[in-house]
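**Q** After the structure tokens below, expect a handful of questions from me.
Chains as they are written, first to last, in our numbering: chain R, 174 to 794; chain F, 43 to 370.
Structure, rendered in structure tokens:
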């Protein structure tokens, strides 16, 4: 067994891990040796077209079966959906390998294996597949407890009195996060516009965005609707470059609208225009360090099995490589960023391996332990409409227009909501022919294809008529709002074991009744936007939310290791360090005590840059 | 061909990472050998071998590959990649089916991961693979292909007059006329033939039983015509019966569907409909959607006011599409 050593080992190469790794690796320490960084990624190293060169194919494909692929049958025994079909993409984990189990609180015995709550297992993690919507959180998103305390308890009539009991403020304010938002936006490569956003941008720093491309014309209906609803729409910030991007050394083809393909959301981008953490952060940092000290090492296909500690320090990271051989790495600092569910699982598995040691470090199964608690996703949903004319939705990125109208204090007060969220239109959904059918009437990732298959009328001429009716004519507007943190929503170890003999993660969660209220208000607002946008020429389709469907996570896996200002109320301290450990940090979405009123990835990255600065400035590294 | 170590490890990891875990199942075993684009007319085919998957007597010896893609049947030595892992990459033309064995010492061994097998007239069993755009039937017999073609043809949204016009117009295109798989439905049949040979092997039995039942029903309903010449209405009626699927007392049962042999006609219909849609619109390399005909149909039919209906050529790799940057 080898015993290499690194200054810092980062577990996970996605939004939480990569910013820490590159900041540490690139830090100039005034003549002192550079920080030696090891990134361990469970998934494969998939490269873009430009990395592979002219004569070789990209590892990511413009191929619909790369996303929703062939059918597989769930072979996990003893869950309520054993034997059912599932469809996961090329870089999503196989449910039969490492299932996530799900049940409602109080019904823990009714377990289902679910695809909800995975991000992606690949270099770059979830940032390879995400829709790239890169919104900042609002100032109030960081202080929802004090914001609500100051309001008095004016939530909608009938809201239970304990609704806000588990809400805490972030130990970091928007003002403290703002420089890191700016840094992330500039380093990553994001296009969008500022006017209309409810989040204050510092003018002296300049606009952090690239210029957006022309919106898909179908989105004009959403923009008109937003204007009619007294919103100030702005171009949705998307982590896709539209022009050459010096910080990451990427260029954009001169071909017309090159970045728009429909193969963006839920696909890895073969062209590297989507600003995932591989092409935007790790790859440029590797190139820079390879030319100098070679102090950044990225290893793919490496599955961390557990951490080893002595006293208050984590001493080693143990992983299995591509062929299953075990390796042990000595580390001065360890950063865990495996996406919230898997992070909690790794900490718990390490604790079960050494209960008196590592177990007490993370307070595993102690009476006051919050490890795995306050698991969160987002309240989300929206509305859909059929527009009168037809557009090629494949010439699109994920979203064109957004509004912060439903984050404004007067809107929250008027609607008796504890917190709000962002609204934006989706262009790329069902933009390609297989996704049109696979997502027809599907409620979640587990029911992909089911809606189409059960809609038995879709055959022969009716199939033709359906295509005529829906191809290029469906437009949706979505909301992404804060979910209430609840103690009973949690991640724990399940009884089942994965293919490597390790216990799997069991997610237990449901929505609070006030989440339902928030979602109803937001869904109605989305409906109103679209109705106003299309007028009488359009045709209203469904509107609604994930309320009532507790399993929905939508890859926004948050909480479970929340940070806070006291040891009593959180797992991590304000620097995202495990309270009782000297050198163990968590930087993926699990640190969030509330989920924010927008997609989380930008904030995860900004916070990871913040933690990296603290590690360097505090002399930890 | 030179081995790209990173690609070898990416392909090997899902299988080999679990070899030290007793009882672990191998996922997506159909991914071996690993088939990728080499150039416009060839695939690269990467064979992988791990000593730990071999019988104990064969471990530690250098394996080679004997494959019908190599005309001389010369043994091709594999290259050691890591401790127990060996790899070999060869270039094979598109559209072909081949058999192979690993040779250790003088013994030919089957691929322990790839589930595809072929049995020769001599009774010898070999491992098998096929390259992209393959049109040789692998899973179905002739009568099954004929029946499947009829089932697919009337399900697809390519039956109305617009679609027929489109197909007859496209049929004049000399590129398309040369194709023996011109018809969208025939492409879909080919797609399904390949899918149940590979990614969805578990559905081969679904089709074998389902087609046998349907053949029986149609013959009982129309004893005088063969499947190829039965009317479209016969099939539309059949779809309705499959969708309703009211059990042995229902219309299918009365027409001789043997529910004790295959109890869920609707399930068959669901699987078929999913496969039909997927096959029609999936990338042509999977065997359907020849030359992007179904994409072209969407573009042609739904383009309006100067805008495209589906501007797929812009984003797809040449020679299929016209992307300047994306190579597939």
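Idealized CB from N, CA, C, for every residue including glycine.
According to a CB-to-CB cut-off of less than 9 Å, which residues of the stretch 352 to 366 of chain F neighbour chain R?
**A** Residues 352, 353, 354, 356, 357, 358, 359, 363, 365, 366.
**Q** Where does residue 325 of chain F sit, in a helix, a strand or coil, going by DSSP?
**A** Three-state result, residue 325 of chain F: coil.
**Q** Which bits of chain F does residue 625 of chain R rub up against, with CB to CB less than 8 Å?
**A** What residue 625 of chain R touches in chain F: 315, 316, 319.
**Q** Check whether the Cβ of residue 622 of chain R lies closer than 8 Å to any Cβ atom in chain F.
**A** Yes, residue 622 of chain R counts as interfacial toward chain F.
**Q** Quick one: residues in its chain with C-beta nearer than 6 Å to the C-beta of residue 217 of chain F, no 5 flanking neighbours on either side, listed in chain order?
**A** Residue placement at residue 217 of chain F is flagged as unreliable, the pLDDT there being 45, under the threshold of 50; the coordinate-derived value follows with that caveat. Nothing listed; no residue qualifies.
**Q** Excluding the five sequence neighbours on either side, which residues of its own chain have a C-beta within less than 7 Å of the C-beta of residue 723 of chain R, listed in chain order?
**A** Only 277, 682, 683, 684 meet the Cβ criterion.
**Q** Identify whether residue 622 of chain R lies in helix, strand or coil by the three-state DSSP scheme.
**A** Residue 622 of chain R: coil per DSSP, three-state reduction.
**Q** Short of 7 Å in beta carbon distance, which residues of its chain neighbour residue 785 of chain R, apart from the five on each side in sequence? Order them along the chain.
**A** Result list for residue 785 of chain R: 192, 193, 196, 197, in chain order.
**Q** Let me confirm a value: residue 219 of chain F is counted as buried when at least 16 other C-beta atoms fall within 10 Å, else exposed. Which label applies?
**A** The pLDDT assigned to residue 219 of chain F is 44, lower than 50, so where the model puts this residue is not dependable, and the model offers no usable value.
**Q** Let me check understanding here. Comparing Cα to Cα, which of R:699, R:464, R:355 lies closest to residue 574 of chain R?
**A** When only C-alpha atoms are compared, the closest one is R:699.
**Q** Does the stretch 292 to 305 of chain R come close enough to the stretch 436 to 443 of chain R that 3 or more CB-CB pairs lie under 8 Å?
**A** Counting Cβ pairs under 8 Å, three or more are found: they touch.
**Q** Determine the direct distance from the alpha carbon of residue 173 of chain F to that of residue 772 of chain R, and round the result to whole angstroms.
**A** If I take the Cα positions, the gap works out to 41 Å.
**Q** Quick check: what's the CA-CA separation for residue 113 of chain F versus residue 96 of chain F?
**A** Distance between the alpha carbons of residue 113 of chain F and residue 96 of chain F is about 27 Å.
**Q** Between which two residues does the beta strand (DSSP E) containing residue 654 of chain R stretch?
**A** Element bounds for residue 654 of chain R: 647 to 655.
**Q** In terms of residues, what are the limits of the beta strand (DSSP E) holding residue 135 of chain F?
**A** Residue 135 of chain F -> beta strand (DSSP E) spans 127 to 135.
**Q** Using the Cα positions of residue 56 of chain F and residue 495 of chain R, report the straight-line distance between them to the nearest angstrom.
**A** Their backbone Cα atoms lie some 8 Å apart in a straight line.
**Q** Excluding the five sequence neighbours on either side, which residues of its own chain have a C-beta within less than 7 Å of the C-beta of residue 245 of chain F, listed in chain order?
**A** Cβ neighbours of residue 245 of chain F beyond the five flanking positions: 238, 313.
**Q** Candidates R:553, R:453, R:396: which alpha carbon is nearest residue 413 of chain R's?
**A** Taking only the C-alpha atoms, the option nearest residue 413 of chain R is R:453.
**Q** Output the distance between the C-alpha atoms of residue 537 of chain R and residue 747 of chain R, rounded to the nearest integer angstrom.
**A** When rounded, the distance between both Cα atoms is 20 Å.
**Q** Could you please give me the residues that DSSP links to residue 597 of chain R through a beta bridge?
**A** Answer is R:575, R:651.
**Q** Taking the beta strand (DSSP E) that residue 492 of chain R falls in, what are its first and last residues?
**A** From DSSP, the beta strand (DSSP E) with residue 492 of chain R extends over 486 to 493.
**Q** For the stretch 243 to 254 of chain F, which residues have a CB atom closer than 7 Å to at least one CB atom of chain R, in sequence order?
**A** Of all residues in the stretch 243 to 254 of chain F, 244 have a Cβ within less than 7 Å of some Cβ in chain R.
**Q** Return the Cβ separation of residue 399 of chain R and residue 406 of chain R in integer angstroms, given the expectation that the two are a contact with Cβ distance under 8 Å.
**A** Right, the Cβ-Cβ distance comes to about 4 Å (below 8 Å), so this counts as a contact.
**Q** Measure the C-alpha to C-alpha separation of residue 260 of chain F and residue 254 of chain F and round it to an integer number of angstroms.
**A** Their backbone Cα atoms lie some 10 Å apart in a straight line.
**Q** List the whole-angstrom C-beta distance separating residue 256 of chain F from residue 189 of chain F, where the pair is believed to meet the contact cut-off of C-beta under 8 Å.
**A** At roughly 7 Å, the Cβ-Cβ gap stays under 8 Å, so residue 256 of chain F and residue 189 of chain F are in contact.
**Q** For residue 47 of chain F and residue 89 of chain F, what's the separation of their Cα atoms in angstroms?
**A** C-alpha separation (whole angstroms): 13 Å.
**Q** Which one or two residues does DSSP pair with residue 353 of chain R in a beta bridge?
**A** BP columns for residue 353 of chain R are empty, so no partner.
**Q** Taking 8 Å as the threshold (C-beta atoms), are residue 152 of chain F and residue 169 of chain F in contact?
**A** Yes, Cβ-Cβ distance for residue 169 of chain F and residue 152 of chain F is below 8 Å.
**Q** On the premise that residue 705 of chain R lies in contact with residue 402 of chain R, defined as a C-beta separation below 8 Å, what is that separation, rounded to the nearest angstrom?
**A** About 6 Å; that satisfies the 8 Å criterion.
**Q** Under 8 Å: do the stretch 655 to 675 of chain R and the stretch 603 to 614 of chain R share three or more Cβ pairs, one atom per stretch?
**A** Not touching, per the Cβ criterion.
**Q** Checking contacts by CB at 8 Å: is residue 474 of chain R closer than that to chain F?
**A** Interface residue, yes.
**Q** Are the stretch 737 to 753 of chain R and the stretch 340 to 358 of chain R in contact at 8 Å, needing three or more beta carbon pairs?
**A** Yes: the two stretches touch, three or more of their Cβ pairs being nearer than 8 Å.
**Q** Determine whether the Cβ of residue 238 of chain R lies closer than 8 Å to any Cβ atom of chain F.
**A** For residue 238 of chain R, the answer is yes, since a Cβ of chain F falls inside 8 Å of its Cβ.
**Q** For residue 84 of chain F, which residues in the same chain have their Cβ closer than 6 Å to its Cβ, ignoring the five residues on either side in sequence?
**A** Excluding sequence neighbours, residue 84 of chain F sits near 133, 135.
**Q** Check the C-beta distance from residue 544 of chain R over to residue 517 of chain R and give it rounded, since I have them as a contact under 8 Å.
**A** Right, the Cβ-Cβ distance comes to about 7 Å (below 8 Å), so this counts as a contact.
**Q** Using 10 angstroms around the beta-carbon of residue 368 of chain R, count the other beta-carbons present and answer buried if the total reaches 16, otherwise exposed.
**A** Per the 10 Å Cβ criterion, exposed.
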